[in-house]
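Presented below is the structure to which this report refers.
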Amino acid sequence: MNRPAPVEISYENMRFLITHNPTNATLNKFTEELKKYGVTTLVRVCDATYDKAPVEKEGIHVLGTRAGCTCFD
């Protein structure tokens with residue numbers, strides 16, 4: 001399946017990277033993409049679709065692992 005490219009947004013001294021939600025099968029490529037952009041903290045806003053342990057092993061802090069999806073009107 002083709003996934004959209006990540007989108008980087010900068011605001012003042014902060015940077016945000018908007019991405020698709022990976023699966024355990026695509027997690028290695030996803031983690032490499034995060035490292036390419038210098039991501040240090042990952043915030044999940046939808047249901048977890050992957051194990052966060054491999055991401056944290058790469059030094060990326062994972063937040064927002066609660067069940068349920070954050071939706072915006």
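Oh and the sequence shown: position 19 is 19 in UniProt numbering, straight run, nothing missing. Yeah, the Cβ is synthetic: ideal placement off N, Cα and C, and Gly gets one too.
- In this structure, DSSP gives Thr23 a state outside helix and strand, which the three-state scheme calls coil.
- A direct Cα-Cα distance of roughly 18 Å separates Gly59 from Pro22.
- Between Asp47 and Asn24 a beta carbon distance of about 14 Å is seen, past the 8 Å cut, so the two are scored as non-contacting.
- In terms of CA proximity to Ser10, Val39 leads the group Thr49, Val62, Leu63, Val39.
- Here Thr31 carries a helix assignment [DSSP, helix/strand/coil].
- Rounded to whole angstroms, Lys29 and Lys35 show a C-alpha spacing of 10 Å.
- CA-CA distance, Pro54 to Glu12, rounds to 30 Å.
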